[in-house]
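Numbering-wise (UniProt numbering), the first sequence opens with residue 1 and increments by one.
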Amino acid sequence: MAPTFPPIYLLKWNLEHDPKELHRLEEEIDVVFDIKEAKLVLGKVKLKRRAALELRKLGLDTEEVVTTESEPDTDTDHNHHEEQIASQIVPSAPGNPPAQRLAISPRSTLRPSDETIKVLDLAWYTGSLNAGKLLPIEDYLVYEGRIKSKILPVKPKQTLLPAQVEPRRQISTVSPTQRHFRTGPRKFGGNSVHSSSQPARLLHKTTSEDEAYAALPPIPKYLHSPYSCQRPTPLHCPNEDFLSELRIIKQARNLKGDEVGVRAYSVAVAAIASYPYSLTSALELSRLPGCGSKISKLWQDWKTLGHVEEADEARSDPDLQVLDLFWKIHGVGEASARDFFSKGWRSLDDIVEQGWDRISRDQQIGVKYYDEFLQRIPREEVEKIASVILDYANHIRDGFRMVICGGYRRGKPDSGDVDVVLSHPNENATHRFLVELLESLERDEYITHRLIVSMKNSDRGQNPLNWKGSMPRSRGGFDSLDHAFLVWQEPTWPSKDEDLKGNPDARNPNVHRRVDIIISPWKTAGCAVLGWSGGTMFERDLRHYCKQQLGFKFDSTGVRRQDNGEWVDLEKGDGDLLVKERRVFSGLGLEWRDPTERCTD
DNA sequence: AGGCAGCGCAC
DNA sequence: GTGCGC
DNA sequence: GCCT
1 MAPTFPPIYL LKWNLEHDPK ELHRLEEEID VVFDIKEAKL VLGKVKLKRR
51 AALELRKLGL DTEEVVTTES EPDTDTDHNH HEEQIASQIV PSAPGNPPAQ
101 RLAISPRSTL RPSDETIKVL DLAWYTGSLN AGKLLPIEDY LVYEGRIKSK
151 ILPVKPKQTL LPAQVEPRRQ ISTVSPTQRH FRTGPRKFGG NSVHSSSQPA
201 RLLHKTTSED EAYAALPPIP KYLHSPYSCQ RPTPLHCPNE DFLSELRIIK
251 QARNLKGDEV GVRAYSVAVA AIASYPYSLT SALELSRLPG CGSKISKLWQ
301 DWKTLGHVEE ADEARSDPDL QVLDLFWKIH GVGEASARDF FSKGWRSLDD
351 IVEQGWDRIS RDQQIGVKYY DEFLQRIPRE EVEKIASVIL DYANHIRDGF
401 RMVICGGYRR GKPDSGDVDV VLSHPNENAT HRFLVELLES LERDEYITHR
451 LIVSMKNSDR GQNPLNWKGS MPRSRGGFDS LDHAFLVWQE PTWPSKDEDL
501 KGNPDARNPN VHRRVDIIIS PWKTAGCAVL GWSGGTMFER DLRHYCKQQL
551 GFKFDSTGVR RQDNGEWVDL EKGDGDLLVK ERRVFSGLGL EWRDPTERCT
601 D
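Below, the structure is given as structure tokens:
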């Protein structure tokens with residue numbers, strides 16, 4: 001006789017890429033869909049940390065219960081939730097084997113703080129089925145957590161079923177003559193709990209639409225995620241020509257002030273950029289996250305007509321060309337570009353002649369070095385600049401570590417600016433350091449302008465305690481990082497001495513470059529590196545993922561809880577900056593992505 | 001039918 | 001508060 | 001514009 005199971009909540013994690021199996025299990029096990037009704041949580045999880053993360057996603061903030069004897073109840077935290085997951089597993093129906101003492105430690109006092117939630121390996125379920133009775137849970141217990149607090153509403157969203165993609169209206173599907181094959185075997189997660197009792201059923205009646213779907217190359221599993229931070233997005237992809245069109249439309253929308261459009265096109269670009277096959281049909285495209293009917297229509301036009309109308313219009317619109325020219329001035333965004341345009345200005349000369357005093361200092365610098373800032377920086381020069389910075393840093397205080405981030409780290413052959421993150425294992429070394437570094441670089445004439453210097457972290461001039469009001473969230477730590485955005489120019493050139501002899505005001509011919517220097521406290525340096533390395537969408541989605549899925553707030557200064565702002569340390573332990581960055585990935589429940597796989601733009 | 005990242009700076 | 005860059 |  002099959003045993004009767006207590007109410008079970010099934011974690012979708014690691015099952016979500018196999019929706020059929022997930023559905024089978026959900027039906028076979030009589031799962032509850034609200035974790036609060038469950039006595040037990042099952043999942044294909046092996047790691048405590050992962051289990052805790054998954055619970056957090058569901059709105060349960062837990063701390064591990066060490067399964068030795070009952071911990072001393074020093075727990076004064078009072079989380080008075082009346083109904084909660086009981087500490088004991090009480091089968092919900094009669095007829096279960098009486099001998100199963102499922103609770104680990106006998107607890108007579110049912111104080112709320114004793115409430116724990118247990119996460120078991122799915123194998124417990126299959127094993128129990130096979131045995132015809134409920135097995136002891138000890139061998140299968142992955143994680144036992146005491147509920148610290150219920151988090152606000154953290155949505156259990158993201159179901160990720162490819163089959164739920166709604167069939168689009170007939171877009172004459174170019175028959176996929178060219179079949180694609182995945183590069184590797186499908187991974188179901190090896191140890192999957194195959195089918196003991198229930199034979200696989202047909203989930204769908206086969207309509208022609210379904211057949212069209214079935215004929216498509218399978219979507220790589222990572223593309224089931226709507227978060228680009230969960231996908232490898234290489235610098236180059238098979239659909240770059242189409243992407244170029246989308247990027248043109250996106251920029252046109254940007255110049256027109258259509259923020260939402262920009263967002264939508266950015267999402268679509270990021271998804272297509274991570275798709276490893278050459279697209280063969282609009283239907284195929286419409287399966288990707290962020291790619292709906294509009295994007296599919298654009299692809300169809302592009303494929304059949306050879307061009308995309310909106311992109312053509314953008315290219316040939318002279319007003320847009322002017323807006324774009326202005327927009328490329330450092331310090332000029334979409335709003336200022338249109339503002340300039342509305343003043344009747346049509347060229348950089350117009351700005352200089354008619355508006356020089358009315359534009360900001362940043363914009364003046366942007367105009368002055370317009371051509372130079374648009375020149376790409378070869379990797380070699382990026383490295384040169386970075387090594388100067390590191391040398392100067394170490395000259396002030398030895399032991400600095402540096403990672404060159406930005407496009408360089410993503411593998412681009414050249415960059416628009418230079419981003420370096422510096423840190424030092426000694427916490428004190430980074431404090432108040434940026435000013436010193438800037439002064440020494442200025443002394444040797446590397447820096448021609450400071451665009452911004454932000455020092456929330458360190459002492460800002462006279463007022464050492466000025467920022468303390470904003471510190472309660474980061475206990476015993478720094479709240480932020482120091483950041484300088486500079487105009488950089490190599491001070492020497494081959495014929496310098498000669499030139500100066502002839503003319504004391506001889507011009508330095510080296511190109512002016514924009515350089516970001518970030519000084520991060522060691523304990524959050526992994527976050528800084530991560531936060532400064534990804535493409536725009538990667539970084540956006542990272543923040544979004546943290547908020548939606550984990551209830552965390554991520555930025556380059558660290559990870560904090562959303563509800564109370566408490567700092568979450570994901571970087572504990574030895575290791576260099578890159579190790580710390582990896583810890584952040586795993587602490588956030590994310591698969592490692594090499595920087596070269598964060599090219600979402 | 002609401003949300004879309006979220007921060008610090010200049011102005 | 002808005003605009004900007006990241 | 002797409003998602004939930």
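Just so you know, even glycine gets a beta-carbon here, dropped at the ideal spot from N, CA and C.
Note that the structure is a prediction, hence the values are computed from the model and not measured.
Rounded distance between the beta-carbons of residue j and residue i, thought under 8 Å
i	j	result
Arg287	Ile219	6 Å
Ile365	Arg513	Actually they do not touch by this definition, with Cβ atoms about 12 Å apart.
Leu481	Pro521	7 Å
Tyr275	Cys237	7 Å
Lys48	Val142	6 Å
residue 604	Val418	Beyond the ends of the chain as shown, which are 1 and 601, falls residue 604; an answer cannot be given.
Gly573	Gln562	That belief does not hold up - the Cβ atoms of Gly573 and Gln562 are roughly 25 Å apart, past 8 Å.
Collapsed DSSP secondary structure at residue i in the structure displayed
i	result
Phe433	helix
Leu578	helix
Gly416	coil
Pro153	Residue placement at Pro153 is poorly supported in this model, since its pLDDT is 38, which falls under 50; the coordinates still yield a value, given next. Three-state DSSP puts Pro153 in coil, outside helix and strand.
Arg593	coil
Lys48	helix
Glu445	coil
Gly145	strand
Gln300	helix
Phe585	helix
Tyr213	helix
Tyr227	coil
Thr116	strand
Val31	strand
Leu500	helix
Leu320	helix
Leu10	strand
Phe5	coil
Asp505	coil
residue 622	Any property of residue 622 remains undetermined from this structure, which presents the chain solely from 1 to 601.
Ser128	helix
Val529	helix
Leu438	helix
Residues bridged to residue i (per DSSP)
i	result
Asp121	Gly43
Val568	Val559
His424	Pro521
His483	Ser454, Ile518
Arg338	DSSP, once it has assigned bridges, lists no residue as partnering Arg338.
Trp488	Ile447, Arg513
Arg598	Thr233
Lys553	Arg560
Tyr140	Looking at the DSSP assignment, Tyr140 forms no beta bridge with any residue, so it has no partner.
Backbone CA spacing between residue i and residue j [nearest angstrom]
i	j	result
Val511	Glu372	6 Å
Leu542	Val529	13 Å
Asp414	Ser533	15 Å
Arg450	Asp362	10 Å
Asp339	Ile329	13 Å
Asp258	Trp488	34 Å
Glu245	Asp569	42 Å
Ala311	Arg247	9 Å
Val453	Leu437	12 Å
Asp576	Ala282	45 Å
Ser586	Glu571	10 Å
Gln548	Lys57	8 Å
Lys46	Gly589	13 Å
Lys44	Val421	37 Å
Tyr9	Ile518	44 Å
His544	Gly526	18 Å
Thr116	Ser423	40 Å
Val308	Trp302	5 Å
Leu500	Pro509	12 Å
Ala314	Asn254	11 Å
Ala131	Ile137	13 Å
query = Whole alpha helix (DSSP H) runs in the stretch 346 to 410 with 4 or more residues, listed along the chain?
reply = 348 to 355, 361 to 368, 370 to 374, 379 to 396, 406 to 409
- Enumerate, from N- to C-terminal direction, the unbroken alpha helix (DSSP H) stretches of 4 or more residues contained entirely within the stretch 232 to 298. 240 to 255, 259 to 273, 282 to 286
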